[in-house]
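J.:
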Amino acid sequence: MFKPILALVMVCAGCSCSAQTLGEELSKAGIPASGFSSTDLTQPVNASSGRDQGSNYLVYMRVNRENILSGFPQLVRYDSGTRRLVRKELPVGEKENCCGSPNGITFTRSYQLLEFHLSPSASTVIVTDRSLKPVEILYGFGIREIAPDEVIFTEDMVHFAPAHPERIMLADLRTGASQELYPPKGDALRAAFAKEHKEHMPPHDVCIAMNDPCRPDYYDEAIEFLVANAPERFSIRVSRDAVHSMTKDADPDSVASDRAFYVYQRREGQWFYCSQPLSGTTDEGPNCLPSLPVVADGAPEFQRPLIRRVN
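Just so we're aligned: the sequence shown equals residues -21 to -1, 1 to 290 in mature numbering (1 follows the signal peptide of the UniProt record, and there is no 0).
1) CB-CB under 8 angstroms to R4, same chain, minus the five flanking residues each way: which ones, in chain order?
2) Examine the Cβ distances between the stretch 269 to 279 and the stretch 198 to 205 and report whether three or more of them are shorter than 8 angstroms.
3) Taking T21 as the reference, which of T103, Q32, L1, G33 has the closest Cα?
4) Between P272 and V242, which are expected to be in contact by the criterion C-beta below 8 angstroms, what is the C-beta distance as a whole number of angstroms?
5) Pick out whichever of P127, L152, A239 has its Cα sitting closest to the Cα of D166.
6) Express the C-alpha separation of E159 and Y252 in angstroms, rounding to a whole number.
7) Alpha carbon to alpha carbon, what distance is there between A12 and N190?
8) Given a cut-off of 7 angstroms, decide if L152 and D128 are closer than it, judged by their beta-carbon atoms.
9) List the residues that DSSP assigns as beta-bridge partners of I131.
10) Could you please give the first and the last residue of the uninterrupted alpha helix (DSSP H) stretch that includes E75?
11) Can you say whether R109 is buried or exposed, counting buried as having 16 or more other CB atoms within 10 angstroms of its CB?
12) Give the DSSP-derived three-state secondary structure of I10 in the structure shown.
13) So, for E175: in the same chain, excluding its five sequence neighbours on each side, which residues have a beta-carbon less than 7 angstroms away from its beta-carbon?
14) DSSP three-state call for S214: helix, strand or coil?
15) Identify whether K174 lies in helix, strand or coil by the three-state DSSP scheme.
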């Protein structure tokens, strides 16, 4: 599945985009224009900004005369206390599957995470240290810090796939270690949904004609992160939806759906979880206690590199 993602990346990295000048973006980010040439300041760019610990940040991609993103990402930091301006070109490009339009900056205790849009279902995230040096690349979106310099994120997906089952990865930015947390292997709620899904499958000839995998364990899953309950503990809400065309001339429609809460907690270095059905229209929040060890389901079609160290 990783190769189709790369193809999408190459398309999106070269797509046309709206742009403002670097001077305009610096002004919006609260970064003084001194230290930039007049040519720099009039350069059309696509940018995103953020602020952390008294410093203003701007990440941008240059836009050429054909209104296409070009060159390497550029990162600027302005420390308001010392009035020091730092500019860095980040040598990350096509071989790292980067970069589309800047789509936000997330800060952890020691790192800046620069997200670049690739498709509605995929992003590339460049992780830089306090010296603004790239140290890692993540392939996902929806980054959240759950412990010092440890983040969870939704893994990239192939945008034009028949279904989009979102999955959650944990990454330790200090070491590059990772662990897939969702979906957990053997989860009872997912097994029950797959059983229900199987009972509402289209006829085999319709599956073939519509190029539909028609697999009970393959369906849309949308994940919503909830507020962290405590350090090294968080909750998510998962919405499942199985969509099929039941006849060759019918539009796709939902044949089964449900929602559930999942609570995760790390104890003595190991992650545990619990799952709880969410019924009705009210969300009272999860009240289960994480006691099941998290084991990645290991589905082969989702095994692809999602974290890459930068030398």
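We put the CB at the ideal spot given by N, CA and C, even for glycine. Predicted model, so just to flag it, every value in this text is computed and none were measured.
T.: So, to answer that:
1) The sequence given here has Glu at residue 4, not Arg. Contacts found: V24, A26, S28, L37, Y39.
2) no
3) L1
4) Wrong, their Cβ atoms sit about 14 angstroms apart, outside the cutoff.
5) A239
6) 13 angstroms
7) 54 angstroms
8) yes
9) R123, L149
10) E75 -> no alpha helix (DSSP H), and no H or E assigned at all.
11) exposed
12) coil
13) A235
14) strand
15) helix
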